[in-house]
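Numbering (our numbering), first residue to last: 492 to 827.
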Ligand SMILES: Nc1ncnc2c1ncn2[C@@H]1O[C@H](COP(=O)(O)OP(=O)(O)OP(=O)(O)O)[C@@H](O)[C@H]1O
Ligand SMILES: [Mg+2]
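Below, the structure written as structure tokens:
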């Protein structure tokens, strides 16, 4: 596997001014990145996840030459992003969610032509290429309307088309599906996946939609307060950070005291009991129980207890598989 992107001891500090009184301010230092180290392989989709302010955009901007690191270094396709920035730029592109990297008075097609000029793309075949990209993002019909008349989703699709114009070998996507409807978000994911599969494009994706990272990324780095906490495949993340098994049971006819007894069982960590409104028609009270145990065995012993009670009817019993979101929250909470 060849390394396409690398970050080594990357650090970035911002000097800001904090207003203390009306006309006075104090200098302040914000360390956005502490000591970031990672590698992304060719053809890989690497997810960078972290809470607001963790340093995802700062990392992305450094890697696509929009921002200098304070210290450390980074390379794309073997070129240093500072010293060889002019060599990196034609090889990369970036699309960020909710940003105005488009000219609103120009039409979609004119925007792509304008950016093609900026990227100095050859004129031969350009018209077809623009049409193909507009088709890929489903904008052919609206290609000649000004972007100011586009909806948010349409603008975001155009951003992706713009980001693919120069056939980047590394694409940086900073929250690309922010605020998009589920259909558009899915189409954009599929388009990017297709480019990765067919053209071996390498992608760095940041997103707050963890299911998106779970679905797309080969590996995920979790960043918090400028530090990378872990890098793993989504499956390994879920296995490594064992989360207590949870089970959701819906029972009818049980007495509240019987349900509360489960709480005293060895190994049961916590229990939540609610009236289940989905079974309103039933004459007896129907309860939703959600409990967390330490081991899988304790799930069956608790269920057996319920089954042995003649007054209790079990309607549903579901094991709750920990999601990437559960794991993410645990990792960030542990980091404090
Ligand atoms: N231009 C800037 N000037 C001063 N501080 C900045 C600047 N850009 C970013 N920061 C600070 O650097 C830290 C990291 O910001 P960054 O934008 O990289 O976070 P992020 O992980 O992308 O967050 P979000 O999920 O909210 O987009 C934050 O504390 C932020 O306030
Ligand atoms: Mg950001």
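Note that CB positions come from ideal geometry on N, CA and C, so glycine has one too. Because the structure is a prediction, the values reported are computed rather than measured.
Report yes if the C-beta distance between residue i and residue j is below 8 angstroms; otherwise report no.
i           : j           : result
residue 496 : residue 693 : yes
residue 688 : residue 703 : no
residue 676 : residue 738 : no
residue 530 : residue 709 : no
residue 651 : residue 667 : yes
residue 525 : residue 502 : yes
residue 624 : residue 657 : no
residue 527 : residue 719 : yes
residue 643 : residue 670 : yes
residue 701 : residue 819 : yes
residue 553 : residue 572 : yes
residue 691 : residue 815 : no
residue 742 : residue 805 : yes
residue 753 : residue 796 : yes
residue 721 : residue 822 : yes
residue 494 : residue 532 : yes
residue 711 : residue 538 : yes
Could you tell me the boundaries of the alpha helix (DSSP H) in which residue i lies?
i           : result
residue 605 : 599-609
residue 811 : From DSSP, residue 811 is part of no alpha helix (DSSP H) but of the beta strand (DSSP E) over 804-811.
residue 631 : No alpha helix (DSSP H) contains residue 631, which DSSP labels as neither H nor E.
residue 716 : Careful: residue 716 lies outside any alpha helix (DSSP H) and carries neither H nor E.
residue 682 : 673-690
residue 502 : Taken as a continuous stretch (DSSP letters only), residue 502 belongs to no alpha helix (DSSP H), being part of the beta strand (DSSP E) at 494-512.
residue 516 : Run containing residue 516: none in the alpha helix (DSSP H); it sits in the beta strand (DSSP E), 515-532.
residue 645 : 643-655
residue 481 : There is simply no residue 481 to check, as the chain begins at 492 and stops at 827 in what is shown.
residue 734 : From DSSP, residue 734 is part of no alpha helix (DSSP H); its letter is neither H nor E.
residue 820 : 815-826
residue 783 : Careful: residue 783 lies outside any alpha helix (DSSP H), inside the beta strand (DSSP E) at 777-784.
residue 750 : 747-753
residue 798 : 787-798
residue 843 : Absent from the model: residue 843. The displayed extent of the chain is 492 to 827, so no value can be given.
Closest to residue i by C-alpha separation, out of the options, would be which residue?
i           : options               : result
residue 769 : 761, 763, 762 and 778 : 778
residue 632 : 599, 826, 803 and 789 : 599
residue 520 : 527, 508 and 528      : 508
residue 630 : 616, 645 and 824      : 645
residue 801 : 744, 700 and 757      : 744
residue 756 : 781, 672, 789 and 555 : 789
residue 500 : 506, 552, 551 and 561 : 561
residue 498 : 683, 555, 577 and 505 : 555
residue 707 : 730, 682 and 690      : 682
residue 783 : 775, 765, 811 and 796 : 811
residue 764 : 822, 758, 639 and 740 : 740
residue 750 : 794, 824 and 648      : 794
residue 803 : 570, 594 and 747      : 747
residue 660 : 762, 549 and 578      : 578
residue 699 : 550, 540, 705 and 523 : 540
residue 592 : 580, 581 and 606      : 606
residue 639 : 601, 780, 684 and 532 : 601
residue 522 : 817, 776, 596 and 506 : 506
residue 627 : 597, 608, 549 and 654 : 654
residue 608 : 724, 581, 595 and 596 : 581
residue 551 : 723, 695, 825 and 705 : 695
residue 635 : 596, 672 and 791      : 596
Which residue comes first and which comes last in the beta strand (DSSP E) that contains residue i?
i           : result
residue 567 : 562-567
residue 661 : 661-665
residue 702 : No beta strand (DSSP E) contains residue 702, which is instead part of the alpha helix (DSSP H) from 701-707.
residue 769 : Careful: residue 769 lies outside any beta strand (DSSP E) and carries neither H nor E.
residue 740 : 737-743
residue 545 : Premise fails: residue 545 is in no beta strand (DSSP E) and is neither H nor E.
residue 472 : Here the chain has residues from 492 to 827 only, and residue 472 is not among them.
residue 585 : 583-587
>> Three Cβ pairs or more, each shorter than 8 angstroms: is that satisfied between the stretch 585-600 and the stretch 505-517?
In response: In short, these stretches do not touch, since the Cβ pair count stays below three.
> Which residues, in chain order, sit with a beta-carbon under 7 angstroms away from any heavy atom of ligand 2?
Replying inline: Residues lining ligand 2 by the Cβ criterion, that is a Cβ closer than 7 angstroms to any of its heavy atoms, are 547, 548, 665, 666 and 697 in chain order.
> Are the stretch 710-729 and the stretch 543-561 in contact at 8 angstroms, needing three or more beta carbon pairs?
Replying inline: Short answer: they touch.
> Would you say the stretch 726-735 touches the stretch 555-574, given that touching needs at least three Cβ pairs under 8 angstroms?
Replying inline: no
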